[in-house]
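These notes are about the structure you will find just below.
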Amino acid sequence: MSEIVFRWSGILLILGAALLGIAILMISLKPVINQPLPPAGSILLLLSAILLLLALPAMYARQANAAGWLGFTGHALLQTGVLLLIVVAAPTLIYPSLKLTPGENPLLFLLGIALTAGLLLTGIATVRAGIFPRGAGILLLVAMAGFFFDFFIAEFLPPLVGQVGSGLFGVLLALSLGWIGAALWIGKLAPTIANVVPAH
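Just so you know, the numbering used here puts 66 at position 84 of the sequence shown, and the rest follows in order with no gaps.
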């Protein structure tokens, strides 16, 4: 990939992370169990998913050599998990008059597992690769823990716990992806092996 592609992908990643954080915060302001998502939140989720799907390949490509198979597996799962945002946002946008509510569904469960595993492996790969700031990788791991709690555990707790968990998850995920996006955009990364080892 050329440097200009990385830089533009960084901008898209920053925008996608910001929209995702705003959407999750907006949705977390009120309990959404057995209620349709607000239209504005659904639009932001959809836009953020599009931007993330466009930008994440550059994030992976930048650290692919250093991240190895772990980075590739994490990227594949993360890209798949981002589809959860589209699946959750689509019903409100396609059928607004039906007031459809997200509920227990095998597809949502599998996409939730993919997103959790993708955040976990991508966070580990980012920390180990050392191409992007390690703090951003650690934030990804903390965001993964927040998503796991919110998606798989918080539904059994009082609604306020889920709302607070969602808000924290949204902020942490937006910060971590935005941080990586800024590193892509600015281009100040750790030196890669190709830059360190002289060509023969």
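We put the CB at the ideal spot given by N, CA and C, even for glycine.
Scanning G(-8), F(-12), I9 for the CA closest to the CA of G163 turns up G(-8).
The beta carbons of L59 and A5 sit no closer together than 8 Å.
For the segment 54 to 115, there is no continuous beta strand (DSSP E) assignment of 3+ residues that stays within its boundaries. If you draw a straight line from the Cα of L(-3) to the Cα of D132, it is about 23 Å long. With contacts defined as CB atoms closer than 8 Å, F91 and A125 fail to qualify as a contacting pair. Under the 10 Å beta carbon count, P115 is surrounded by 16 or more other beta carbons and is classified as buried.
With a threshold of 16 other beta carbon atoms within 10 Å, S79 falls short and is exposed. Every candidate alpha helix (DSSP H) stretch fails here, since none sits fully inside the segment -3 to 41 while reaching 4 residues. Annotated three-state conformation of G169 is coil, per DSSP.
Looking at S24, L1, L93, the one whose alpha-carbon comes closest to that of P73 is S24.
Looking from the CA of S(-16), the closest CA among L2, L(-6), L(-5), A43 belongs to A43. Less than 8 Å separates the beta-carbon of W161 from that of A118. Judged by DSSP in its simplified three-state form, S(-9) adopts helix.
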